[in-house]
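A.B. asks: Sharing a structure, written as structure tokens. Questions coming.
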Amino acid sequence: MKLKKLLILPLAAMILTACGGKSDPSASNQGGGGKKSSSNCDSCQTREGDQKDELLPTPITDSFKFAQANELEGKTFAGPNENAVDHLGYVSLRSCTDGDTANFNQDGYLDEFGAPATIKTRFLGVNTPESTAKVEPWGKKASLFTKHALEEAQADAEKKSTATKKVYNIALINHPSPSSFEIKDSSGGRWLAFVWYRPTSESDWRLLNLELVEQGFSRNQLFVDDPVCNYRQYFEAAETKNTECKYRVFGEVDEGYDYEEKTYEYSLWKIINDFENIGISDTGSSGVVLCVSALVVGIQGDNMFLRDLLLDNEQVEKGDNRLAGLYCYAGYNSSVCSILQKASERSGMDGTGVGVIVRFFCRATTYNGNVQLSDLKYSTTGKKGFKVLTTSNFATYAEELKWSNVYEQNGAVTFDDLTKDPTTIRLEPSALTTYDDPLTTDIMYDDLAPYQYQFIDTEVTIRSVGSGDQDEEGASVSGSYWYKGNANDNSYTVYATINGKDDAKILTNLRIDNSLNPFIEAATFGTSNASDLTSENSPVGKTWHVTGYMALYFGKFQILLPNNYAKLHYLYEVK
Numbered sequence: 001m002k003l004k005k006l007l008i009l010p011l012a013a014m015i016l017t018a019c020g021g022k023s024d025p026s027a028s029n030q031g032g033g034g035k036k037s038s039s040n041c042d043s044c045q046t047r048e049g050d051q052k053d054e055l056l057p058t059p060i061t062d063s064f065k066f067a068q069a070n071e072l073e074g075k076t077f078a079g080p081n082e083n084a085v086d087h088l089g090y091v092s093l094r095s096c097t098d099g100d101t102a103n104f105n106q107d108g109y110l111d112e113f114g115a116p117a118t119i120k121t122r123f124l125g126v127n128t129p130e131s132t133a134k135v136e137p138w139g140k141k142a143s144l145f146t147k148h149a150l151e152e153a154q155a156d157a158e159k160k161s162t163a164t165k166k167v168y169n170i171a172l173i174n175h176p177s178p179s180s181f182e183i184k185d186s187s188g189g190r191w192l193a194f195v196w197y198r199p200t201s202e203s204d205w206r207l208l209n210l211e212l213v214e215q216g217f218s219r220n221q222l223f224v225d226d227p228v229c230n231y232r233q234y235f236e237a238a239e240t241k242n243t244e245c246k247y248r249v250f251g252e253v254d255e256g257y258d259y260e261e262k263t264y265e266y267s268l269w270k271i272i273n274d275f276e277n278i279g280i281s282d283t284g285s286s287g288v289v290l291c292v293s294a295l296v297v298g299i300q301g302d303n304m305f306l307r308d309l310l311l312d313n314e315q316v317e318k319g320d321n322r323l324a325g326l327y328c329y330a331g332y333n334s335s336v337c338s339i340l341q342k343a344s345e346r347s348g349m350d351g352t353g354v355g356v357i358v359r360f361f362c363r364a365t366t367y368n369g370n371v372q373l374s375d376l377k378y379s380t381t382g383k384k385g386f387k388v389l390t391t392s393n394f395a396t397y398a399e400e401l402k403w404s405n406v407y408e409q410n411g412a413v414t415f416d417d418l419t420k421d422p423t424t425i426r427l428e429p430s431a432l433t434t435y436d437d438p439l440t441t442d443i444m445y446d447d448l449a450p451y452q453y454q455f456i457d458t459e460v461t462i463r464s465v466g467s468g469d470q471d472e473e474g475a476s477v478s479g480s481y482w483y484k485g486n487a488n489d490n491s492y493t494v495y496a497t498i499n500g501k502d503d504a505k506i507l508t509n510l511r512i513d514n515s516l517n518p519f520i521e522a523a524t525f526g527t528s529n530a531s532d533l534t535s536e537n538s539p540v541g542k543t544w545h546v547t548g549y550m551a552l553y554f555g556k557f558q559i560l561l562p563n564n565y566a567k568l569h570y571l572y573e574v575k
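For the sequence shown, the numbering used here begins at 1 and goes up steadily by one.
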């Protein structure tokens with residue numbers, strides 16, 4: 001498939017055929033999409049199959065100049081006081097989220113812990129199709145286009161930077177005013193910006209927002225004129241061409257998207273072990289629609305920690321006799337938690353939603369090295385409605401579950417048969433003996449690996465980090481603290497170890513997401529002062545029983561804590 005070639009190879013090194021014309025190796029490379037065809041493509045082209053994945057010519061983006069390119073030095077786009085910055089400046093890429101959202105760092109802009117602050121950024125003037133909690137046609141490919149454009153630019157900047165001179169290939173600009181643009185989006189957590197980049201330090205600057213429209217990954221969403229960011233006419237011109245030619249979101253079928261949405265019923269074990277063939281991929285495939293039946297063993301906001309109900313036939317044949325688990329990202333404001341709790345209450349269960357069986361439709365994707373479920377269909381009506389099975393309605397749906405097609409079983413099963421095991425897997429610290437050097441990259445702690453994707457309970461000892469240590473993302477630590485929060489929301493990480501056999505201290509941090517309800521305040525551990533390392537209230541050196549989901553994060557394992565339901569005794573200090 002040409003998309004794989006298109007998006008995996010370095011963009012600046014490619015020679016592409018566009019609009020059916022022959023590639024011209026001598027054509028001027030303006031950056032962003034590699035060398036373009038010499039054709040201006042004034043006439044629309046009918047594109048078939050993989051041709052739809054070839055980059056379109058972008059004469060508007062190619063010729064558009066960054067008027068403030070010579071004003072960037074010494075300017076700041078973001079800062080702790082949003083009204084005391086220039087809304088213009090160089091940045092470095094931290095990570096990409098999807099086609100119109102990315103995270104950046106800015107030199108000198110630090111959080112309260114002395115680490116580089118994350119500038120969560122929503123691109124102005126565009127709205128690419130969804131590719132995270134929801135998956136839409138062209139969404140994954142828009143996300144890959146943005147990811148590779150910015151990553152190539154950042155990689156070139158890092159390669160050419162020296163100890164005395166830092167190179168930047170990405171810059172952000174906004175011109176907030178009552179008549180044009182806000183500083184941040186409606187959530188207050190994401191900065192709004194036009195993103196300029198250059199594939200190499202020798203290339204011309206390119207406006208990524210405009211390029212997304214000209215490439216057909218977004219319709220124009222820029223409807224105001226502005227004296228500084230005077231881009232409207234260019235966005236409209238890009239949309240006019242694509243509206244006429246019906247490229248990508250303007251009318252083409254995304255060959256990597258499963259419009260038919262044929263459903264496949266797989267166990268969680270099968271989804272994990274056969275992800276390459278069924279999941280959303282980095283070649284632009286939307287993956288297949290999955291029908292999942294599983295036990296809810298924990299809840300994080302509206303997101304679910306799940307476990308298989310029975311062993312998969314293939315799993316048994318391979319000698320694996322542990323029920324698999326998986327995380328399902330439902331997104332925000334999906335009301336999944338409320339649906340689970342109401343069903344639990346109606347059936348006389350504990351009302352938390354934990355312990356019910358769910359049957360729903362979704363897709364599989366990856367996040368930070370973990371397979372997970374997303375694009376959840378959470379409407380409770382229709383043929384693909386979200387169903388909750390409890391003691392009171394299990395018999396009604398038992399036939400629909402069709403266990404024999406997916407799971408290993410012996411005869412008929414009851415609700416109690418499928419929920420009799422404890423909701424957590426016990427991880428005994430004294431059983432852990434081996435681990436790799438925690439300062440190396442791509443860490444896989446040997447004895448923790450079997451617990452990835454499992455909802456476990458164990459004991460951890462809270463530690464502090466200081467100068468010479470690394471934080472949860474591998475960045476050097478400035479200052480000393482036992483937890484680190486996020487300036488954009490209430491999420492935070494508690495630094496901890498699992499103390500194994502022979503004094504083995506395995507770094508295993510705790511992650512508290514801002515979606516938790518009930519939430520776990522930092523003061524729960526003794527104090528909300530992250531720098532308090534020695535007082536009587538400091539949690540450093542104290543041991544806590546924790547329950548949560550084991551997942552990878554930047555090469556290390558961390559435990560994602562669930563909604564802190566008191567009646568389930570998830571979290572308490574071990575005296």
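Don't be surprised by glycine CBs; every beta carbon is placed ideally from N, CA and C.
Mapping DSSP to helix, strand and coil, what is Arg-346?
C.D. replies: It is helical.
A.B. asks: Helix, strand or coil for Thr-419? Go by DSSP, reduced to three states.
C.D. replies: Correct three-state label for Thr-419: helix.
A.B. asks: Measure from the alpha carbon of Pro-59 to the alpha carbon of each residue in Gln-215, Asn-321, Gly-108, then state which is nearest.
C.D. replies: Of the listed residues, the one whose Cα sits closest to Pro-59 is Gln-215.
A.B. asks: Taking all protein chains shown into account, decide if Gly-382 is buried (16 or more other Cβ within 10 angstroms of its Cβ) or exposed.
C.D. replies: Exposed is the call here.
A.B. asks: Per DSSP, which residues does Ile-425 bridge with? Please list them.
C.D. replies: Note: Ile-425 sits in a beta bridge opposite Ile-456.
A.B. asks: Looking at the structure shown, is Cys-245 part of a helix, part of a strand, or coil, going by DSSP?
C.D. replies: Looking at Cys-245 - three-state DSSP - the assignment turns out to be helix.
A.B. asks: Thinking Val-296 and Gly-353 are a contact (beta carbons under 8 Å), I'd like their distance in whole angstroms, please.
C.D. replies: That belief holds up - the Cβ atoms of Val-296 and Gly-353 are roughly 6 Å apart, short of 8 Å.
A.B. asks: Kindly list the residues whose CB is nearer than 8 Å to the CB of Gly-108, restricted to its own chain and excluding five residues on each side of it in sequence; keep chain order.
C.D. replies: The residues are Thr-76.
A.B. asks: Kindly indicate which residue of Thr-263, Gly-319, Tyr-90, Val-253 has the alpha-carbon position closest to the one of Trp-269.
C.D. replies: Closest option to Trp-269, Cα to Cα, is Gly-319.
A.B. asks: Note down, in chain order, each residue of its chain lying with its Cβ closer than 6 Å to the Cβ of Lys-147, except the 5 sequence neighbours on either side.
C.D. replies: Correct list, in chain order: Cys-96.
A.B. asks: By the three-class DSSP mapping on this structure, what secondary structure does Glu-202 have?
C.D. replies: Here Glu-202 sits in coil by DSSP.
A.B. asks: Under three-state DSSP, which class holds Trp-269?
C.D. replies: Here Trp-269 sits in helix by DSSP.
A.B. asks: State the DSSP-derived secondary structure class of Arg-232, mapped to helix, strand or coil.
C.D. replies: Correct three-state label for Arg-232: helix.
A.B. asks: Could you check how far apart the C-beta atoms of Gln-558 and Leu-510 are, in whole angstroms? I think they sit under 8 Å.
C.D. replies: About 7 Å; that satisfies the 8 Å criterion.
A.B. asks: On a CA-only basis, which of Ser-379, Tyr-367, Val-249, Ser-374 is nearest Ile-339? Give me that one, please.
C.D. replies: Nearest of Ser-379, Tyr-367, Val-249, Ser-374 to Ile-339, Cα basis: Ser-379.
A.B. asks: I'd like the span of the beta strand (DSSP E) that includes Ala-142, first residue to last.
C.D. replies: Unbroken run through Ala-142 is the alpha helix (DSSP H), 139-160; no beta strand (DSSP E).
A.B. asks: Pull up the distance between the alpha-carbon of Pro-176 and that of Ser-344, whole angstroms please.
C.D. replies: Near 48 Å, if we compare the C-alpha coordinates of Ser-344 and Pro-176.
A.B. asks: If the criterion is Cβ atoms closer than 8 Å, does the pair Phe-145 and Phe-217 meet it?
C.D. replies: A contact, by the Cβ cut-off of 8 Å.
A.B. asks: With DSSP run on the structure shown, which of helix, strand or coil describes Cys-337?
C.D. replies: Helix, per DSSP.
A.B. asks: Using 8 Å for Cβ pairs, my map puts Leu-587 next to Leu-311. What's the rounded Cβ distance?
C.D. replies: Since the first residue shown for the chain is 1 and the last is 575, residue 587 is missing from the structure and cannot be characterised.
A.B. asks: Determine the closest residue to Glu-521 out of Asn-490, Ala-237, Phe-415, with distance taken between C-alpha atoms.
C.D. replies: It is Asn-490.
A.B. asks: Applying the 10 Å Cβ sphere with the 16-neighbour rule, what's the burial state of Pro-422?
C.D. replies: Classification of Pro-422: exposed, given that the 10 Å Cβ count is below 16.
A.B. asks: Under 8 Å, with one C-beta from each stretch per pair, do the region 252-259 and the region 191-211 reach the 3-pair mark?
C.D. replies: With a cut-off of 8 Å, the region 191-211 and the region 252-259 do not count as touching, because too few Cβ pairs lie within range.
A.B. asks: Less than 7 Å between C-beta atoms, sequence neighbours within five positions excluded: which residues of the same chain meet that for Ser-180?
C.D. replies: Once the five neighbours on either side are set aside, the close Cβ partners of Ser-180 are Val-224, Asp-226.
A.B. asks: Measuring alpha carbon to alpha carbon, tell me which residue in Lys-556, Leu-516, Glu-276 is nearest Glu-472.
C.D. replies: The option with the nearest alpha carbon to Glu-472 is Lys-556.
A.B. asks: How big is the Cα-Cα spacing for Ile-280 and Ala-155?
C.D. replies: Their Cα atoms are separated by approximately 25 Å.
A.B. asks: By the 10 Å Cβ neighbour count, where 16 or more other Cβ atoms means buried, how is Tyr-407 classified, buried or exposed?
C.D. replies: With a pLDDT of only 49 at Tyr-407, under 50, the local geometry of the prediction cannot be trusted, and the value read off the model is given with reservation. Buried, by the Cβ-count rule.
A.B. asks: Whole angstroms is fine: what's the gap from Gly-351's alpha carbon to Lys-567's?
C.D. replies: Computed Cα separation, rounded: 10 Å.
A.B. asks: Could you check whether the Cβ of Glu-112 sits closer than 7 Å to any heavy atom belonging to the ligand FMN?
C.D. replies: The ligand FMN is absent from the structure shown, which contains no ligand whatsoever.
A.B. asks: Buried or exposed, going by whether 16 or more other CB atoms sit within 10 Å of the CB of Ser-63?
C.D. replies: Exposed: under 16 other Cβ atoms inside 10 Å.
A.B. asks: Determine the direct distance from the alpha carbon of Asn-242 to that of Lys-140, and round the result to whole angstroms.
C.D. replies: Approximately 19 Å between the Cα atoms of the pair.
A.B. asks: For Val-413, which of Ser-430, Ser-515, Phe-394 has the nearest alpha-carbon?
C.D. replies: Here the closest residue by C-alpha is Phe-394.
A.B. asks: Just to confirm my understanding: we take Lys-387, look at its own chain, exclude 5 residues before and 5 after, and list those with CB closer than 8 Å. What are they?
C.D. replies: These residues qualify, in order along the chain: Val-358, Arg-359, Phe-360, Thr-380, Tyr-397.
A.B. asks: Taking Lys-134 as the reference, give the member of Glu-151, Ser-334, Thr-391, Ala-431 with the closest Cα.
C.D. replies: That would be Ser-334, whose Cα lies nearest to the Cα of Lys-134.
A.B. asks: Suppose contacts are defined by Cβ-Cβ distances below 8 Å. Is Ile-506 in contact with Leu-448 by that definition?
C.D. replies: Going by C-beta atoms, Ile-506 is nearer than 8 Å to Leu-448.
A.B. asks: Excluding sequence positions up to five away, which residues of its chain have a Cβ less than 6 Å from the Cβ of Glu-261?
C.D. replies: Cβ neighbours of Glu-261 beyond the five flanking positions: Val-289.
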